[in-house]
Amino acid sequence: MSTLTFRSVSLRYPPRAARAGVGEKLVLDGIDLQVASHELVAIIGRSGSGKTSLLNLAAGFLEPTAGTITVDGVPIEGPSADRAVVFQDDALYPWLDARDNIALPFKLKGVPLAERRARAEQLLARVGLADAGDRRIWELSGGMRQRVGIARALAAEPRFLLLDEPLGALDALTRTRMQEFLLRIKAESGAGALLITHSIEEALLLGTRIVVLSPNPGRLTAEIEAGFNAEVLNGASVAAVKASPIFKRMHAGLTGLIHASAEEEIAA
Amino acid sequence: MTLSTDIDTLPQVAETGEAERPLKARPLPVAIISAITIGVIIAAWGLASAYALVSPVFLPSPRQVVLALYNLVVTGFVDATLAEHVGASLYRIFGALIASILIGIPAGIAIGTSRLGRGILDPIVEFLRPLPPLAYLPLIIIWVGIGEASKITVIVLSMLPSIILSTSAGVRGVSKDHVNAARSLGASRRQVLREVVLPSAVPSILTGVRIALGAGWTTLVAAELVAATSGIGFMIQSAAQFLVTDIVIAGIIVIALIAILLEYVARQIERRLVPWAAHR
Numbered sequence: 001m002s003t004l005t006f007r008s009v010s011l012r013y014p015p016r017a018a019r020a021g022v023g024e025k026l027v028l029d030g031i032d033l034q035v036a037s038h039e040l041v042a043i044i045g046r047s048g049s050g051k052t053s054l055l056n057l058a059a060g061f062l063e064p065t066a067g068t069i070t071v072d073g074v075p076i077e078g079p080s081a082d083r084a085v086v087f088q089d090d091a092l093y094p095w096l097d098a099r100d101n102i103a104l105p106f107k108l109k110g111v112p113l114a115e116r117r118a119r120a121e122q123l124l125a126r127v128g129l130a131d132a133g134d135r136r137i138w139e140l141s142g143g144m145r146q147r148v149g150i151a152r153a154l155a156a157e158p159r160f161l162l163l164d165e166p167l168g169a170l171d172a173l174t175r176t177r178m179q180e181f182l183l184r185i186k187a188e189s190g191a192g193a194l195l196i197t198h199s200i201e202e203a204l205l206l207g208t209r210i211v212v213l214s215p216n217p218g219r220l221t222a223e224i225e226a227g228f229n230a231e232v233l234n235g236a237s238v239a240a241v242k243a244s245p246i247f248k249r250m251h252a253g254l255t256g257l258i259h260a261s262a263e264e265e266i267a268a
Numbered sequence: 269m270t271l272s273t274d275i276d277t278l279p280q281v282a283e284t285g286e287a288e289r290p291l292k293a294r295p296l297p298v299a300i301i302s303a304i305t306i307g308v309i310i311a312a313w314g315l316a317s318a319y320a321l322v323s324p325v326f327l328p329s330p331r332q333v334v335l336a337l338y339n340l341v342v343t344g345f346v347d348a349t350l351a352e353h354v355g356a357s358l359y360r361i362f363g364a365l366i367a368s369i370l371i372g373i374p375a376g377i378a379i380g381t382s383r384l385g386r387g388i389l390d391p392i393v394e395f396l397r398p399l400p401p402l403a404y405l406p407l408i409i410i411w412v413g414i415g416e417a418s419k420i421t422v423i424v425l426s427m428l429p430s431i432i433l434s435t436s437a438g439v440r441g442v443s444k445d446h447v448n449a450a451r452s453l454g455a456s457r458r459q460v461l462r463e464v465v466l467p468s469a470v471p472s473i474l475t476g477v478r479i480a481l482g483a484g485w486t487t488l489v490a491a492e493l494v495a496a497t498s499g500i501g502f503m504i505q506s507a508a509q510f511l512v513t514d515i516v517i518a519g520i521i522v523i524a525l526i527a528i529l530l531e532y533v534a535r536q537i538e539r540r541l542v543p544w545a546a547h548r
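Protein sequences appear in the order of chains A and B. The opening position of the first sequence corresponds to residue 1 in this note's numbering, with each subsequent residue numbered one higher. The opening position of the second sequence corresponds to residue 269 in this note's numbering, with each subsequent residue numbered one higher.
What follows is the structure, encoded as structure tokens:
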């Protein structure tokens, strides 16, 4: 079991302004956050609250201005396969077919061609795309692309999945189906997950814990536990869960929290 | 990635009105208009020579030019057939192309990926790029003589800037998400370059190669006019000295046709090699 830990993490951007303080902006301020292997922590907040910056820090694409980010106590040094990212606009490689996209992490590790193709086939089957290995990326629908993206991230055998609004660009129907898919895949993989989303509904449904980020600068303002993902994993239908009174009540509560942080900002 | 823009692909307002006016004749396809234009030019040329409006020494009839072309293919001119002249020219251009790809792509990568590379190579490329190749041809002849090496050197120099610049633009234009994805999947710097940056720069590199071929062809013919003992440019130059105008015109037509052919082949290769370029 692994833990990804943010300790008093702050981020100023751009990191090296021409003169210290000039044109700089405090994006994230004093973030304390833990994600364990069994968790799916959903980060929610309005635009400009620094959600994506938080994920980029976890991925190692950005360095914190202050504070530390550790995996099992070891400070992270840049990006690494133990924190694989799934991007909103999939970031698949159009010069590779679906199978070779998924096989890339194996190739990076030096796995021989035949073996990495076979392992990619297994992952394709796992994400429900057993026959799509030869397809070019642009021949796949948005939902299929995200499945390939998720399979590629799993191929890196990460300890944490960093999900940057992976379902944000999908139509409503596909999105609902993918939410359930994402939950099952995450549970099977045994990896911890950090999910960035701007959908309160999605955060509630998927998250074991939901963290609210308020903007200017980004601060954690609320943290709530949720158990709807377990219900879905135990066989409850997504539609039924979303229609339940308690889901609606928590949805209203979270909406209120996010709006409150917006009003505070206007008042200030 | 193509650098050409086609007005016809833009939505045309005039066409939307067509449904309401079904009686209006369909506009002629552009290809037909082009064919008519060429026909009119040849007809005007034919008439001008038939009625001796211009001395046949300066403007032979289209028939004479076709005959000259036939003779060029069968018996040749200045000790070589047309095929041998064209072969000599193509040998130079492809030799130069290989050399400039081998030099230009690594140089472009250096400019696109490293500050040091950019600092060293940028001024050289920027100096070379706007220079007409014929401006440095005399110097190259002084340095490497009048043989094949001087012509290939000049062509290489004329091809290099477009290959270098398109490579560095391609390298710099790589999607940030694509690079970050590879890094988060465990790629080292070298692996990012090989697995992501280079493949994603290929469409841009191929565009550069196509432009370089055009530039190289122009330079080649010009270089052969000045200093050569074979080649299509040399053939025209020799013919001009003896006032064999039909061969001069036939040669010009051959040069144009080869240029069109090279462009066509390069486009086909692009389409074959990077079908995904249109889908990024």
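For every residue, glycine included, the Cβ atom is placed at its ideal position computed from N, Cα and C.
Could you tell me whether the Cβ atoms of residue i and residue j are closer together than 8 angstroms?
{"i": "R360 of chain B", "j": "I309 of chain B", "result": "no"}
{"i": "I44 of chain A", "j": "F6 of chain A", "result": "no"}
{"i": "L194 of chain A", "j": "A91 of chain A", "result": "no"}
{"i": "G314 of chain B", "j": "P330 of chain B", "result": "yes"}
{"i": "L124 of chain A", "j": "L204 of chain A", "result": "no"}
{"i": "V333 of chain B", "j": "I526 of chain B", "result": "no"}
{"i": "A469 of chain B", "j": "V439 of chain B", "result": "yes"}
{"i": "I432 of chain B", "j": "A375 of chain B", "result": "yes"}
{"i": "T197 of chain A", "j": "E223 of chain A", "result": "no"}
{"i": "L327 of chain B", "j": "G372 of chain B", "result": "no"}
{"i": "N216 of chain A", "j": "G48 of chain A", "result": "yes"}
{"i": "L461 of chain B", "j": "V542 of chain B", "result": "no"}
{"i": "E85 of chain A", "j": "A187 of chain A", "result": "The identity of residue 85 of chain A in the sequence shown is Val, whereas the question assumes Glu. Contact flag unset, no."}
{"i": "R446 of chain B", "j": "Y93 of chain A", "result": "One detail in the question is off: residue 446 of chain B reads as His in this sequence, not Arg. Yes, the Cβ-Cβ distance between H446 of chain B and Y93 of chain A is below 8 angstroms."}
{"i": "G192 of chain A", "j": "A81 of chain A", "result": "no"}
{"i": "L11 of chain A", "j": "V27 of chain A", "result": "yes"}
{"i": "V148 of chain A", "j": "L129 of chain A", "result": "yes"}
{"i": "P552 of chain B", "j": "L425 of chain B", "result": "What is shown of chain B runs 269 to 548, which leaves residue 552 of chain B out entirely."}
{"i": "L481 of chain B", "j": "A534 of chain B", "result": "yes"}
{"i": "G142 of chain A", "j": "L170 of chain A", "result": "yes"}
{"i": "V516 of chain B", "j": "I500 of chain B", "result": "no"}
{"i": "D29 of chain A", "j": "G256 of chain A", "result": "no"}
How would you write the range of the beta strand (DSSP E) that residue i sits in, first residue to last?
{"i": "I31 of chain A", "result": "25-36"}
{"i": "A63 of chain A", "result": "According to the sequence provided, residue 63 of chain A is Glu. The question's Ala does not apply to it. Segment: none, E63 of chain A is in no beta strand (DSSP E) and carries neither H nor E."}
{"i": "R7 of chain A", "result": "3-13"}
{"i": "A84 of chain A", "result": "83-86"}
{"i": "L213 of chain A", "result": "209-214"}
Between which two residues does the alpha helix (DSSP H) carrying residue i extend?
{"i": "L220 of chain A", "result": "It is not in any alpha helix (DSSP H) - L220 of chain A instead sits in the beta strand (DSSP E) that spans 219-225."}
{"i": "L123 of chain A", "result": "113-126"}
{"i": "V270 of chain A", "result": "Any property of residue 270 of chain A remains undetermined from this structure, which presents chain A solely from 1 to 268."}
{"i": "Y93 of chain A", "result": "Element bounds for Y93 of chain A: n/a, residue is neither H nor E."}
{"i": "A518 of chain B", "result": "513-541"}
{"i": "I409 of chain B", "result": "401-412"}
{"i": "R386 of chain B", "result": "383-396"}
{"i": "I504 of chain B", "result": "500-509"}
{"i": "E43 of chain A", "result": "Note that residue 43 of chain A is Ile in the sequence shown, not Glu. Unbroken run through I43 of chain A is the beta strand (DSSP E), 40-45; no alpha helix (DSSP H)."}
{"i": "I200 of chain A", "result": "200-206"}
{"i": "E231 of chain A", "result": "228-233"}
For the stretch 94-110 of chain A, enumerate the residues whose C-beta is nearer than 9 angstroms to any C-beta of chain B, in chain order. Against chain B - using a Cβ distance shorter than 9 angstroms - the residues of the stretch 94-110 of chain A are P94, W95, L96, L104, P105, K107, L108, K109.
Of the residues that make up the stretch 62-84 of chain A, which ones have a beta carbon closer than 9 angstroms to any beta carbon in chain B? Of all residues in the stretch 62-84 of chain A, G78, P79, S80, A81, D82, R83, A84 have a Cβ within less than 9 angstroms of some Cβ in chain B.
Stretch pair the stretch 478-491 of chain B + the stretch 124-137 of chain A: three plus CB contacts closer than 8 angstroms: Look at the beta carbons and you see the stretch 478-491 of chain B not touching the stretch 124-137 of chain A: under three pairs across the two are nearer than 8 angstroms.
If you scan the stretch 149-198 of chain A from start to end, which runs of the alpha helix (DSSP H) of 4 or more residues do you find wholly inside it? The stretch 149-198 of chain A contains these whole alpha helix (DSSP H) runs: 172-189.
Within 9 angstroms of chain A by C-beta, residues of the stretch 450-467 of chain B in sequence order: Shown in chain order are the members of the stretch 450-467 of chain B whose Cβ falls below 9 angstroms from a Cβ of chain A: A450, R451, S452, L453, G454, A455, S456, Q459, E463, V464, P467.
Give a yes or no on contact between the stretch 27-42 of chain A and the stretch 110-122 of chain A, applying the rule of three or more CB pairs nearer than 8 angstroms. No, they do not touch.
Those runs of the beta strand (DSSP E) which lie wholly inside the stretch 308-362 of chain B and span at least 3 residues: When DSSP assignments are scanned along the stretch 308-362 of chain B, no uninterrupted stretch of beta strand (DSSP E) that is 3 or more residues long falls wholly within it.
Extract the residue ranges of the alpha helix (DSSP H) inside the stretch 422-470 of chain B, only unbroken runs of 4 or more that lie entirely within it. Qualifying alpha helix (DSSP H) stretches, in chain order: 444-452, 457-460.
Evaluate the contact criterion for the stretch 196-216 of chain A versus the stretch 226-242 of chain A: three or more CB pairs, one atom per stretch, below 8 angstroms. Because the criterion of three Cβ pairs below 8 angstroms is met, the stretch 196-216 of chain A and the stretch 226-242 of chain A touch.
Is the number of C-beta pairs between the stretch 62-79 of chain A and the stretch 235-251 of chain A that are closer than 8 angstroms three or more? Counting C-beta pairs with one atom in each stretch, the stretch 62-79 of chain A and the stretch 235-251 of chain A have fewer than three that are closer than 8 angstroms, which means they do not touch.
Taking three-plus beta-carbon pairs below 8 angstroms as touching, is the stretch 437-453 of chain B in contact with the stretch 145-162 of chain A? Judged by Cβ distances under 8 angstroms, the stretch 437-453 of chain B makes contact with the stretch 145-162 of chain A, as three or more pairs qualify.
Positions along the stretch 419-450 of chain B whose CB lies within less than 8 angstroms of some CB in chain A: Here the close residues are S443, D445, H446, N448, A449, A450.
Could you please tell me which residues of the stretch 111-129 of chain A, in chain order, have their CB closer than 9 angstroms to any CB of chain B? Against chain B - using a Cβ distance shorter than 9 angstroms - the stretch 111-129 of chain A contributes no residues.
When you check each C-beta in the stretch 140-169 of chain A against every C-beta of chain B, which residues fall closer than 8 angstroms? Cβ proximity to chain B below 8 angstroms picks out R152, A153, A155, A156, L162 from the stretch 140-169 of chain A.
Check whether the stretch 400-415 of chain B touches the stretch 489-498 of chain B, taking contact to mean three or more Cβ pairs, one atom from each stretch, closer than 8 angstroms. Counting C-beta pairs with one atom in each stretch, the stretch 400-415 of chain B and the stretch 489-498 of chain B have three or more that are closer than 8 angstroms, which means they touch.
Along the stretch 523-547 of chain B, where does the CB come closer than 9 angstroms to a CB of chain A? Name the residues. So the list reads V542, P543, W544, A545, A546, H547, given in the order they occur along the chain.
Using a beta-carbon distance cut-off of less than 9 angstroms, what residues from the stretch 189-201 of chain A approach chain B? If the cut-off is 9 angstroms between Cβ atoms, the stretch 189-201 of chain A has nothing near chain B.
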